[in-house]
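Numbering (the numbering used here), first residue to last: 10 to 419. For reference, the structure is listed below as C-alpha cells.
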Amino acid sequence: MTDTAASKASRNAIFLVLVASLGYFVDIYDLLVFSIVRIPSLKDIGLNEQQITDKGQLIISIQMLGLLIGGVVWGIIGDKLGRIKVLFGSILLYSLANFANGFVHDVNTYALVRFIAGLGLAGELGAGITLVSETLSKENRGYGTMMVAVIGLFGATAAYAVAKFGWRNAYFVGGGLGILLLLLRVGTFESGMFKNVENSNVSKGNMLMLFTNWERLKKYIFCILIGAPLWYVVGVLISFSDKFGAALGATTVIKPGDGIFYSYIGIAIGDIIAGLLAQFTKSRKLTMAVFLIISLVSVHFYLSDTGITPERFAVLSFFMGCTVGYWATFVTIASEQFGTNIRSTVTTTVPNFVRGSLIPITLAFNAFKDKYGYIHAGYIMMVILTVVSLFALSQLKETFGKDLDYLEIS
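Structural data, given as C-alpha cells:
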C-alpha cells in the first residue's frame, strides 16, 4: 500500500469511528431520555405518584420490546443489505419518533412512540461496532470500539442537561440531533469484509443459523447473559432510585435523573479503563470478569447506604457506572465470536436482547420486591445476574486479536 493510500485509509477509519461514535451519542441520548424525564413528563400528563411508577415501568418495558424486535430486523438488514443502510434507516426512524414524543399527552401514545423509537434505536450500536470492528486492524479495533462507547455514552449527560429546559424540549433536541447526524453520514463507506461477501451465494443474515448449530446457539446465549447486570444497574437500581432512596430512609427525594447523569459519566470512564485493560492484558474475558465482580461490590455499597443523601447518591451512581463500564468490551466480544455473514445480526441483536432483558429482570425484581422489599430484592437480583454472567463468560473463547475475515457455514 502506498503512503497516500495508507493515509487515505487512516483518515477513512478515523471518520468512520467519529461517525459511529456520534451515532451512539444520539442513540444513548434518546435511549435514556425517558428515564431522565419519566417523573416530570408523566406528572405533566396527569398521572399520580403510583401511576408514575407503574406506567413508567410499562413504558420502559414497551420501549425495550421495540429494541428486541428492532434488533432482529436491523441485524438481518445489516448482513443482507449492508451496515451503512442500517446506520441511515435506524437513525431516521428514531429521530422522527423523538419529534413525535414531544407532542404526546397520554400514556398510550407515549408508550407507542417509545416503542417506535426503540425499533429505530435498535440498529445504531450494532451497525456501528460491526463497521468499526471490520474496518480497523485486529490490533487496534479495541481502541476503535472503546472510542465509540466513550463518546457515545456522554449522550446521557447531554440528555440530562437538555432535560432541565423541559421534557418536551428534550425530545425535540434528540430528534434534531439525529437529523443532523444523518446529514453527516453522507459519504460513509461500507465495510470491506461485507463487500467481499455481498454478491456471494453464502447465506447472509440468516438468524436461523444461530439455532441450527448447538455450539453457535450456546455462544449467542452466553454473549447475551454477560451483559445483563449492566442494564439491571441502570434500568432498575438507578432508574427507580427514588424508591430505593425511600427504602433506605433518605430524608430528601433521590432523583433518578441525577443518577443517570453521574452513572453514565462513570460508564464512559469505565469503558476507557476496560478498553485499556483489555489491550494491556490482551484479554477481554479477564477484563469482563474483573468488572463484573467489582460491580457487585459497588451495588452492595449503594444498597447498604442507610439514610442516603443526594450527594452520596451522586458518588455511588458514578462508582456503579464505572464498574459497569464494560459495554464496549462486551459488544466487541459478541462481534468477534461470529463470521462476517451473520456478524451484524449478532452484534445488533445481542446488545438489544440485553436491553430487552430488562423486561424479565423487572418482572423478577418486582416479584422479589413484593415479598422481601426493595433492598433485599435489589441484592438478590444482582447476585443472581452476576453469577450467571460469570458462568457465561467462562464458557466463551478469548477473541482478542482474532482475524474476523471468515464466514459461518450452515
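The beta carbon of each residue, even a glycine, is placed where N, CA and C say it ideally should be. Predicted model only: the values in this text are computed from it and were never measured.
Are residue i and residue j closer than 8 Å when you measure CB to CB?
i: Gly135; j: Gly84; result: yes
i: Gly129; j: Val42; result: no
i: Ser250; j: Ile263; result: yes
i: Phe124; j: Phe34; result: no
i: Gln66; j: Ala126; result: no
i: Ser326; j: Ile247; result: yes
i: Val355; j: Thr154; result: no
i: Ile188; j: Ser30; result: no
i: Lys228; j: Leu77; result: no
i: Leu416; j: Val206; result: yes
i: Leu191; j: Phe97; result: yes
i: Ile54; j: Asp115; result: yes
i: Lys420; j: Gly214; result: In this structure the chain extends from 10 to 419, so residue 420 is not present and cannot be described.
i: Val81; j: Gly87; result: no
i: Ser307; j: Met329; result: yes
i: Tyr169; j: Phe322; result: no
i: Val245; j: Phe374; result: yes
i: Ile368; j: Leu40; result: no
i: Asn361; j: Gly79; result: yes
i: Ala131; j: Val122; result: no
i: Val157; j: Val26; result: yes
i: Gly446; j: Thr315; result: With the chain covering only 10 through 419, there is no way to say anything about residue 446.
i: Cys331; j: Gly275; result: yes
When you compare the CB of residue i with every CB in chain D, is at least one pair closer than 8 Å?
i: Ala29; result: Absent from the structure: chain D. Only one protein chain is present.
If residue i sits next to residue j, beta carbons under 8 Å apart, how far is it from one beta carbon to the other, in whole angstroms?
i: Gly279; j: Val359; result: The pair is not a contact, with the Cβ atoms about 19 Å apart (cut-off 8 Å).
i: Ala283; j: Tyr335; result: 5 Å
i: Pro319; j: Thr260; result: In fact, because the Cβ distance is near 10 Å, the residues do not count as touching under 8 Å.
i: Ala106; j: Ile68; result: With a Cβ gap of about 13 Å, Ala106 and Ile68 do not count as contacting.
i: Leu402; j: Ala287; result: Their Cβ separation, rounded to whole angstroms, is 13 Å, which puts Leu402 and Ala287 out of contact at 8 Å.
i: Ala165; j: Val46; result: In fact, because the Cβ distance is near 13 Å, the residues do not count as touching under 8 Å.
i: Ala22; j: Thr144; result: 6 Å
i: Ser212; j: Met218; result: 7 Å
i: Thr139; j: Arg92; result: 5 Å
i: Met202; j: Thr357; result: Not a contact, Cβ separation roughly 16 Å.
i: Ala386; j: Phe377; result: 4 Å
i: Trp176; j: Ser50; result: 4 Å
i: Tyr38; j: Ala167; result: 5 Å
Using C-beta distances below 6 Å, list every residue in its chain close to residue i, excluding the 5 sequence neighbours before and after it, in chain order.
i: Glu424; result: Since the first residue of the chain shown is 10 and the last is 419, residue 424 is not available in this structure.
i: Ala179; result: Val42, Val46, Val171 and Ala172
i: Thr296; result: Ala283, Leu286, Ala287 and Thr338
i: Ser366; result: Ala237
i: Gly254; result: Ile263 and Ile317
i: Phe231; result: Ala401, Gln404 and Leu405
i: Ser44; result: Ser248 and Ile269
Please return the same chain residues whose Cβ sits closer than 7 Å to the Cβ of residue i, not counting the five positions on each side in sequence.
i: Gly382; result: Ala256
i: Thr408; result: Arg293, Ile342, Glu345 and Gln346
i: Ser398; result: Leu234, Ile235, Ala237, Pro238 and Leu301
i: Glu133; result: Gly32, Tyr33, Asp36, Ser99 and Ile100
Sorted by chain position, which residues of the same chain lie with C-beta nearer than 8 Å to residue i's C-beta, five sequence neighbours on each side aside?
i: Ile370; result: Ala237, Trp240, Tyr241, Gly244, Val245, Met390 and Leu394
i: Thr425; result: Given a span of 10 to 419 for the chain in the structure shown, any question on residue 425 remains unanswerable.
i: Tyr152; result: Leu145, Gly284 and Gln288
i: Leu56; result: Lys64 and Val116
> Can you list the alpha helix (DSSP H) stretches of 4 or more residues lying completely in the stretch 223–259, in chain order?
Replying inline: Every alpha helix (DSSP H) stretch that sits fully inside the stretch 223–259 and reaches 4 residues is listed by chain position as 223–234, 237–241 and 250–256.
> Which runs of the alpha helix (DSSP H), 4 residues or longer, sit entirely within the stretch 44–130?
Replying inline: Counting only runs of 4+ residues, the alpha helix (DSSP H) found wholly inside the stretch 44–130 occupies 58–89, 92–110 and 116–130, in chain order.
>> Quick check for students: name the residue ranges of the alpha helix (DSSP H) that lie wholly in the stretch 120–197, counting only runs of 4 or more.
In response: Fully enclosed alpha helix (DSSP H) runs of 4 or longer: 133–144, 150–162, 164–172 and 176–193.
> Which ranges does the alpha helix (DSSP H) cover as unbroken runs of at least 4 residues, wholly within the stretch 298–327, from first to last along the chain?
Replying inline: Within the stretch 298–327, no complete alpha helix (DSSP H) segment of 4 residues or longer occurs.
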